[in-house]
Structures are given as structure tokens and as C-alpha cells.
Amino acid sequence: MRKLAFYFVAFVILFACKTNEDKPTTEENFTKDKQAVNTFMDNWHLAATEANYENYFSKLDSTSIFIGTDASENWTKEEFEGFSKPYFDKGKAWDFKSLERNVYFNEDGSIAWFDELLKTWMGACRGSGVLERNENGWTLKHYVLSVAIPNEDIKEVIMAKRKNDSIFQSSFN
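All the letters of the sequence shown, read from the start, carry residue numbers 2 to 174 under the working numbering.
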């Protein structure tokens with residue numbers, strides 16, 4: 002009986018002494034992870050600004066999806082590379098600067114999602130995405146870019162795009 006009690010106490014002590022890797026994300030880890038995501042995204046945007054094709058597309062997972070501002074822009078990584086390559090080859094892709102970014106994590110810190118307000122050549126835009134942590138760090142799995150339209154201007158925008166929306170939507174019938 003004493004042996005059983007000894008093993009039970011030993012098991013409880015070992016379980017109580019599990020490593021930090023097994024513990025939920027701490028505030029310190031959250032702060033470091035949030036900074037890592039911000040750095041990752043800032044570097045991704047910088048790679049486009051510098052027209053650095055390799056740095057830009059190496060941050061996208063092979064299964065990544067990029068959704069652009071046009072209704073037809075729902076691209077796989079390969080499709081987005083094909084669209085983007087001529088811009089990068091000319092030495093001028095796009096220049097997006099994050100004005101603010103909110104970052105969130107799942108419980109074990111392996112998935113991050115974010116939304117960002119961007120300063121772009123199109124004016125204010127919103128970006129949002131999902132990142133996954135793997136053995137090499139973060140990788141971008143999904144990104145959505147949208148043009149921010151002030152509420153007071155939306156009726157004019159609706160009227161301006163009505164014809165093209167009708168044509169585009171008819172392809173789904």
C-alpha cells in the first residue's frame with residue numbers, strides 16, 4: 002500500500018511540474034507572439050513595397066488564399082503569384098502601411114488571426130487574415146483585402162459599380 006501511495010505522490014509531483022511548453026499561453030508569451038505576428042505582417046507588406054517577390058511569396062503557405070478588392074479576386078497562392086509577378090518584375094508592386102492591427106490567438110497559440118487598417122494607394126483599406134505557426138515560424142494561410150468606404154459615400158459607390166456587379170453576378174446563374 003505504501004508503494005502505491007509513493008507512486009501516486011510521485012505521479013502528482015511530476016504532473017504538477019510539467020514544462021512551460023505544456024502550459025497555456027502566458028501574458029508574456031502572448032506579447033512575444035503578438036510582436037512576432039506584427040513583425041511578420043510588416044515584413045510581408047515591406048516585401049511588396051520593395052518588390053521582393055521571393056520574400057513576399059515565401060510567407061504564404063502553399064495552400065494560401067488571397068482575396069482581393071475585385072469580386073473576381075479569390076486566388077490560390079499560384080494564381081496570386083501569376084497575377085502579381087509582372088508588378089514585382091517591374092520593380093514596383095504595392096505599398097501598404099499598417100496604421101493599426103488587432104491580433105488574436107487560439108488557446109495554444111498555434112493559430113493567429115488579425116485585422117488591420119491600411120494606408121494604400123487606394124486610400125484606407127482593411128486587411129484581415131489567418132496565420133499558422135509551424136516549425137519554421139508563422140505562415141500566412143488566408144488574406145482578405147477590402148477598400149474601406151465611408152458610410153456617407155456608399156450610395157455613390159453602389160451606383161458606380163452596379164453595372165459591373167450585374168455582369169459579374171450573372172455568371173453565377
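We treat Cβ as the ideally placed atom computed from N, Cα and C, and that holds for glycine.
- If you draw a straight line from the Cα of W114 to the Cα of F41, it comes to about 13 Å.
- Note that the C-beta distance between I68 and V158 is not below 8 Å.
- Taking 4 residues as the minimum length, the alpha helix (DSSP H) runs contained wholly in the region 62–130 are 78–90, in order along the chain.
- Between L119 and S65, the alpha-carbon positions lie close to 21 Å from each other.
- Between the alpha carbons of F169 and E74 lies a gap of roughly 12 Å.
- The same chain holds no residue with a CB closer than 7 Å to that of D90 once the five nearest residues on each side in sequence are set aside.
- Taking C-alpha positions only, N39 is separated from L61 by approximately 15 Å.
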